[in-house]
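See below for the structure under consideration.
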Amino acid sequence: MSRSFLDLWMAWSLLCMAAFLHLGNASVQTWVQAGPLYRMAGSRLSISCNVSGFASATSRKEFEFRVTKLAMPSFPLNIISTADPSFGYAQYRARGPDIALTYLSPNSVLFEIKSLQQDDEGEYDCSVINPEYIYDGTYSVKTTVKVINDSLSVSSDAPASLHHNEGELLALTCRASSNTIQHTHLSVGWYLQKESDAESRLILSLDRDFTLRPGPGFLERYQANLVRLDKVGEAVYRLTIDGLEPSDSGRIYCRAQEWIEDPDLTWFSLTQKTAKETVLDVKGKELAPDKDSVVVRLSAREKSLQEGQELLLTCSVDTHNPEEKIFSVAWLQKGAELARMGPTGVLSVRPEYSQRETRGELRATRIKNTDHRLVLQYVSAEDQGEYMCRVWPQKRGPRDIFVQGQGQDSNSLPVSISATVSEMSLEMQNSVHVNEGDKLTLACKARGFKGQLFITWQRKVEQKPTFSNIIGLSQEGVVETMEDDVAHRIRASRSSKDTFVLEINDIMMADSGVYQCEVSETNGHWKTSKFVKTTMTVAPIASLVDVKLRSRNTIVTIGDNVELMCHVKGPHLAKMLTWSLQRGASPVDNILTMYSDGAIRWSGEQQRYHLRVDNAQNESVYYLFIHGASHRETGSYQCQVSVFQNNVYKQLLPSNQLMILVQNPASDLILTPTPALTTNINSDITIQCSVASSHSGSSRFAITWILQQETRNVTILKWDRDSSVTVDNSQRFSMKQTMGPNFELTIRDSRTSDGGFYVCEVVEWLQDPHGEWYHLPAVAKNIQLTLIEPAHDLLLDVKEQMLIAKEGDKVQLKCDLISDVSSNTCFYKVTWFYAKLGSSVDTPLLELNHFGLLRYSEHKDLQDLQERLRLSRPNWSSFGLEIQRVHQEDSGMYRCRVEQYQLGNEGKIEQLASAVGSSIVLSVNSTGESESRSGCASGMWISLLVAVALIALFELCALFFLALRLKRHRAKKPPNKPEPSLWTQRLMVDTKFTDDQ
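With numbering that gives the first Met the number 0 applied, the sequence shown closes on residue 996, and no number is skipped along the way.
Pasting the structure below:
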C-alpha cells in the first residue's frame, strides 16, 4: 500500500473520530435578544449575543456584527468584529468609540451604539466564527432594530418659586405625553433636590405598571395620605403635599420616562425628560406664647381667582402639644359663618351653600389636629370678599360631651374673583415656505388668557377645499389625531404655558394649503374660541436640486480613461445616485447605485469603474472613472438622483444625456510594395504580401486575396485572425505565414485564367483592455500577375460549311489537325458542341479527354441524339463525329474544340495549346426533299467512306503510341488523380453529363 494512501486513510479516520466525538456534544446555538427592538434616536442601543455548544467552553470566541438596511435588503454592511479591527465599513469605523463590542464572557459579547442614529435602523446579524472543522448548529442569528423619533413632552406651569408656611398645602401639576405610535408606558415622578444633598430625593412616582412608589423620606406621610400623586387627565399629573414641613424646602421638579416592552418581556427605558424646577420655601410656624394659648393663621392657595376656578383655604393652629388638643373650626366670609367643622369632624354649612355641598363643590377636611381645609369650587363673583377662620379649643367632658373654649380668630384674607371676559389673542406667522421632504413647524402663541386652553389644528388643502381638523391637544395634554393620512407624520405639543407647536414630518406636495390654529378657552362654565391662519407652500424637491453631467473628453480612443462628473446642486438631503448607460437603441443598463450611507450596489463590472464624491457647501460632485475604455463603453451616460422621503426613495428628473464615443486608434499598417509578376502557365507561383509596420507587436491579421480581372472580381482565399483559411472552390490556392509577418499566396498548376491583379487586403486586429477583439481599417495592395502560354501552334482543318442530309442517313462531321510541331509526345482532348439554329448557346455533346476516356453530356434534350453519336478517329490527328440515323431535330450548328497536353518535368500533364473549329451547319430534310439531291450526295458518301478508313488507320497508330508513352510514364510515377468532374466517364461507352455543364 502506497504512503500517500496511508496518509489519506489516517486523515479520514481522524476526521471521522472528531465528528464522532462532536456528536456527543450539544450542537452550537447562537442567540440574541428577540426583535423587533424599538429604540429612540439619540439613545443607547445594546444587543447581547451568546453562543454555546462548542467543544471548548473556556476559549474566547470571535464575533462579528452586520446590519442589513431596508433600502438595500440584499447588501449587508459590516459593523464591527472582535477578530479584525478593519472589519467594519468606513462609515462605522469613523464613529469610533460610539460603537463598541465588549466581551461579557468567552462565549458572550455586548454590542453597543451609544448614540443611535435614525439611519441605524435595520436587521442586525450576530455571527460567531467557527474554529472547528465541523459545522453543526446555528452560527448566525438576527434581530431587527427600529429607530423611532423622540416624541416625549414634559412641562410644568408652576412658577419659578413658591413661598408657603408650615402646614399649608402644596399642589403642583406636570404634563407628560408622547405621540409614539408603538405601545409604550410612561412613568412620572416628583423629586426634591435639597442644597445639602448631592442627589435628588424621590417624593412620589407613578411607575410604568401604574403603581405608586413613595420615596424613603416620604413613606410615612404617603401612608397617612398627606402626600399624593393623582392623574387628573390623560397627560396631567398632580402632586399634593398636605401639611408642608420646613424640611420640604428645596428645588422640586417633575421627571417622566417612556418605557417599551421588548419581545423578551423585559422593559426598556426609551427616553426621559425633566420639566423646569420650582424653588419651594416653607416657613416654620410661630409658636404660641404659653401652653394654653393658640395662634390661628389662614392661607389660600390663590387669592386672585377667575370665575369657575377653585378656592382653597387652609386654617392652621399653632399651639403647644397640638396632638393632645381638639379644635372646632369655622370659616367666615365677610364676617358671616360659611361652614363649620365640629370636634367630631361633622360639617355644617350656611343654608345658601347647602346645594353646593350636595354637588361636592364645597368640602371641608381635617388634615391633622392643627390643620383644616375648606375647598370651594367653581367660584363666582359672589364668592369674593374677606375670609377668616375661627378656632375653638374643645375639651372632652363627662359622657364624651365636648366643652368649647374661647374662640380665636385668624388673620383676614382678601379673595378677589374677576369676571371671565376673555382677553386672549393668538399669534402665528402669516406664511411659511417648506421644501418637500422637510419638517413643517408651526408655533401658535396665546396671550391674555385666564382659563384653560384646548387647541385644534386645522388645514384646508387642494383635495379638501374646506377646513378639516387634523390634530387636537387638550388642557391636560391629551392628543387626538383626526386625519389618518398624516397620523404617522404629525405631532402636537405644548412647548410652554402659552405656546402650542404643530410638527409634520416629511412634507409632501399634497400638504400645501392654509393651516389654522384654533384655541378654545374655558373655565368650566364658559368657553370662547379664537383662531389664526397661515399659508404653507411646499417647494418641490425637483426645483431645488439641479443635476448636470459633464466630461472633459467625450471622444476618446480605446484604452483611454474616461472621467464623468455628475454635479448635484441643492440642499443636503439623503440622496441615492444611479449611473446608467444606453448603447444605441438597446435598453438602458444601470451601472451602479450609490446610497446615502455610502453603500454601493453594482449592476455592471465593478473592476472597470472607480468612484469619488466631493461635497461642497451647496453642491456635490459624483465622479465616475472608467479605466481603459472599449467599444462597450460607447453610449449615452446619465446620472439620476433620488431623495429619501417617507421611507422610500423618490426619483427626481435625470441629468442630461452625455454621449461618450470610444473610437479605434489610427492605423499604422503599411504593406511592402511587390512588383508585377510574369511567368508561364502550368507552373507554381508564389505571391508575397508583407507587413512593413503595424500598430502593435501583438496584433493579429486577417488576409483576403481577391483576383481582379476585366470581367469579374473573385475572392479566392480568406485567412482570419485565428489562422483559419477559407478557399473558394479550388484546391490549387493556399497560403502560409512566415516571419515579418509575411503572407504568401501559392497558385499551383497555374492556368491562363489565373492572370490578373491580385489584391492583398490586410485587416489588423487588436485587443481592447478587456480582451475583446476589434479591427482597424483594411489596407490593400495590388500585384499584377501575367501568365504566358508556350509558343505552340495548333490548327484545325474545319471550315465553315453546310451539310444537307435526309432523315435516316448517317452523317460524318470532320475535325482534323493540320499542324502540330510535337504531335509524337502530346495528348489531346476533344469536345464536340451543338447549338440549335438561331441560338448562340453551345451545349457539349461528348468529350474525349487526354486519358482516352469518353464522356457524354446528360442534357435531357439531347439524349436521343447522343444515343446515335459515335466518335470517329481514323488517325491520331482526326476527331470526327458520326451521327447515325439523323432526325430532322438534329439540324443545327456543330463545332469541335481540341486541347493539346504534354507531360511536364515533374510528371504533371501540362496544357500546351487549344483550338476551336469553325461551325458546321447540318440541315436534315424529310425523305421527299432529299431525293432531289441524292445524285449530289452519292459522291459525297464515297469520299466520306475513304476518309473514315484513313481516320481509323491513323487512330489505331495514335492509340498505340499513346499507350506506349503512358506505360513508360507510370513506371516512373503515377499521374495525379484528375480533379472531380461532373462528366460521367467510360471508355467508348455511351455516358451522359449534366445539363449545367
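Even for Gly, the Cβ is constructed at its ideal location relative to N, Cα and C.
Computed from a predicted structure; not experimentally measured.
Residue i - containing beta strand (DSSP E), residue span
| i | result |
| --- | --- |
| residue 622 | 618 to 625 |
| residue 280 | 277 to 282 |
| residue 599 | 599 to 601 |
| residue 545 | 545 to 550 |
| residue 370 | 370 to 375 |
| residue 394 | 384 to 395 |
| residue 587 | Per DSSP, residue 587 belongs to no beta strand (DSSP E) and is neither H nor E. |
Nearest neighbour of residue i, chosen from the options [CA to CA]
| i | options | result |
| --- | --- | --- |
| residue 30 | 761, 141 and 596 | 141 |
| residue 837 | 891, 868, 456 and 788 | 891 |
| residue 406 | 478, 388 and 396 | 388 |
| residue 661 | 493, 561 and 676 | 561 |
| residue 310 | 361, 915 and 335 | 361 |
| residue 572 | 587, 595, 228 and 842 | 595 |
| residue 423 | 444, 540, 614 and 98 | 444 |
| residue 125 | 170, 62, 238 and 54 | 62 |
| residue 192 | 252, 399, 240 and 158 | 252 |
| residue 473 | 464, 466 and 493 | 493 |
| residue 385 | 647, 336, 517 and 650 | 336 |
| residue 363 | 528, 347 and 760 | 347 |
| residue 551 | 490, 461 and 658 | 658 |
Contact check, residue i vs residue j, beta carbons under 9 Å
| i | j | result |
| --- | --- | --- |
| residue 68 | residue 111 | no |
| residue 886 | residue 860 | no |
| residue 190 | residue 180 | no |
| residue 893 | residue 913 | no |
| residue 704 | residue 762 | no |
| residue 547 | residue 655 | yes |
| residue 602 | residue 771 | no |
| residue 451 | residue 468 | no |
| residue 250 | residue 278 | yes |
| residue 798 | residue 877 | no |
| residue 378 | residue 535 | no |
| residue 436 | residue 545 | no |
| residue 227 | residue 218 | no |
| residue 509 | residue 479 | no |
Unbroken alpha helix (DSSP H) run spanning residue i, endpoints
| i | result |
| --- | --- |
| residue 628 | Segment: none, residue 628 is in no alpha helix (DSSP H) and carries neither H nor E. |
| residue 357 | 353 to 357 |
| residue 997 | Beyond the ends of the chain as shown, which are 0 and 996, falls residue 997; an answer cannot be given. |
| residue 92 | 89 to 92 |
| residue 864 | 862 to 865 |
C-alpha gap between residue i and residue j, whole angstroms
| i | j | result |
| --- | --- | --- |
| residue 152 | residue 515 | 22 Å |
| residue 639 | residue 605 | 19 Å |
| residue 908 | residue 875 | 19 Å |
| residue 519 | residue 118 | 40 Å |
| residue 207 | residue 221 | 19 Å |
| residue 533 | residue 39 | 32 Å |
| residue 971 | residue 848 | Its pLDDT being 40, under 50, residue 971 is placed unreliably in this model, and the coordinates cannot settle the point. |
| residue 993 | residue 866 | Because the pLDDT at residue 993 is just 37, under 50, the model does not fix this residue reliably, and the value given afterwards should be weighed accordingly. Roughly 15 Å between the two C-alpha positions. |
| residue 997 | residue 365 | Residue 997 falls outside the range modelled here, since the chain spans only 0 to 996, and no answer is possible. |
| residue 440 | residue 501 | 6 Å |
| residue 810 | residue 804 | 7 Å |
| residue 555 | residue 75 | 37 Å |
| residue 77 | residue 269 | 26 Å |
| residue 93 | residue 133 | 36 Å |
| residue 50 | residue 43 | 23 Å |
| residue 108 | residue 613 | 38 Å |
| residue 930 | residue 844 | Because the pLDDT of residue 930 is 44, which lies under 50, any placement of that residue in the model is unreliable, and the number read from its coordinates should be weighed accordingly. Approximately 29 Å, taken between the alpha carbons. |
| residue 802 | residue 808 | 12 Å |
| residue 496 | residue 455 | 16 Å |
| residue 233 | residue 528 | 22 Å |
For residue j and residue i, believed in contact at Cβ under 8 Å, the rounded distance
| i | j | result |
| --- | --- | --- |
| residue 295 | residue 281 | That pair is no contact at about 19 Å. |
| residue 880 | residue 831 | 5 Å |
| residue 266 | residue 257 | About 11 Å; that fails the 8 Å criterion. |
| residue 670 | residue 689 | 7 Å |
Chain B contact for residue i (CB, 9 Å cutoff)
| i | result |
| --- | --- |
| residue 682 | The structure shown contains no chain B; it holds only a single protein chain. |
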